[in-house]
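Basically the numbering used here = 1-based index in the sequence shown + 372.
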Amino acid sequence: MKRLLVFDLDGTLAASKQPLDPAVGEWLGKLLSHCRVAVMSGGAWPQFEKQLLTNLPKDAPLHRLSLLPTSGTRFMQYEDGTWTQLYAENFTDDEKHTIIAALTEVFDKSKYKPRKHWGEIIEDRGSQITLSALGQEAPLAAKAKWDPDFAKRKKMQAKLAKKLPDFAIGMGGATSLDVTRPGVDKAYGIEKLHEVLQIDIADMLFVGDALFAGGNDFPARRSGVDCIQIAGPAETVKVIETVIVCTGPDAT
């Protein structure tokens with residue numbers, strides 16, 4: 373049986389940038405008593421705290437939970453009652469300036485810049501810079517309508533690839549483009565989980581809603597990890613239930 377379950381966050385454990393449903397939080401707490409768990413997503417660390425950690429059971433064994441914000445470019449582990457950062461692949465100030473300038477230019481010249489947005493459009497997450505076309509706080513209904521077939525972001529992604537050849541540009545969530553160092557993505561995160569936790573990749577299972585080619589979870593496949601594609605938190609709960617049944621009460 374798998375020793376480590378790795379989950380995407382938005383679209384997998386919760387709706388985009390929304391708190392975990394209490395039922396999902398309860399099931400995650402139960403799962404942590406059966407095997408190790410990791411959550412890897414494009415969101416920054418404050419989003420993990422707000423969206424995930426505050427909605428887990430108070431008695432959840434957090435020492436068995438690994439968190440990899442910003443698409444695996446950071447690694448957070450719970451030690452001695454606090455969350456400790458094990459690594460962060462941060463950009464230099466010059467790199468940030470180059471990336472932000474390119475994102476601004478491509479978005480401003482596109483036909484897709486909305487008249488209305490909610491919150492910050494370009495966010496510096498230290499190890500990842502993210503463009504959220506409708507803003508960081510956009511409502512779910514507006515986000516769902518903006519680019520459901522990824523067509524808008526694919527066009528901007530192609531232009532950004534020419535302007536930022538030394539970086540990787542991926543699509544995250546419903547409206548986002550994420551810029552990271554090349555090779556530092558969810559496959560990199562899986563390798564780091566193997567290195568830090570000393571768990572073979574064959575003993576891991578990745579669960580995500582965007583494992584298709586071009587999806588923000590797709591790089592995980594490159595690591596060779598077994599994957600399950602789901603369509604939302606309700607299906608994720610079914611996966612968790614199945615794992616708990618299969619592992620039994622004495623699993624470690």
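Virtual Cβ for every residue (Gly too), placed ideally from N, Cα, C. All figures in this text were calculated on a predicted structure; none of them were measured in a lab.
L385 vs L377 beta-carbon contact at 8 Å: no
Three-way DSSP call (helix, strand, coil) for T624 in this model: Unreliable placement is indicated for T624, whose pLDDT of 48 sits below 50; the coordinate value is still reported in the next sentence. In the structure shown, T624 sits in coil (DSSP, three-state: anything other than H, G, I, E or B).
Reduced DSSP category for I571 - H, G, I as helix; E, B as strand; rest coil: coil
Cβ contact (3+ pairs, closer than 8 Å) linking the stretch 406–413 and the stretch 436–446: yes
DSSP bridge partner residues for F578 (one or two, in chain order): Beta-bridge pairing links F578 to V378 and C599.
Buried/exposed call for M373, threshold 16 Cβ in 10 Å: exposed
Check whether I573 and W399 have beta carbons under 8 Å apart: no
Boundaries (first-last residue) of the alpha helix (DSSP H) holding A387: DSSP places A387 in no alpha helix (DSSP H); its state is neither H nor E.
Whole-angstrom distance between D452 and W518, CA atom to CA atom: 43 Å
C-beta atoms of M543 and I562 nearer than 8 Å: no
Assumed close pair T445, T552 - CB separation to whole angstroms, cut-off 8 Å: Rounded, the Cβ-Cβ distance is 6 Å, consistent with contact.
Contact under 8 Å by Cβ, G540 with A592: With the sequence shown as reference, residue 540 is identified as Ala, and Gly is not the correct amino acid for it. For A540 and A592, no; Cβs fall outside 8 Å.
G415 vs P394 beta-carbon contact at 8 Å: Judged by beta-carbon spacing, P394 lies beyond the 8 Å limit of G415, meaning their Cβ atoms are not closer than that value.
7 Å CB neighbourhood of G604 in its chain, flanking five on each side removed: G383 and D581
Check whether F447 and V568 have beta carbons under 8 Å apart: yes
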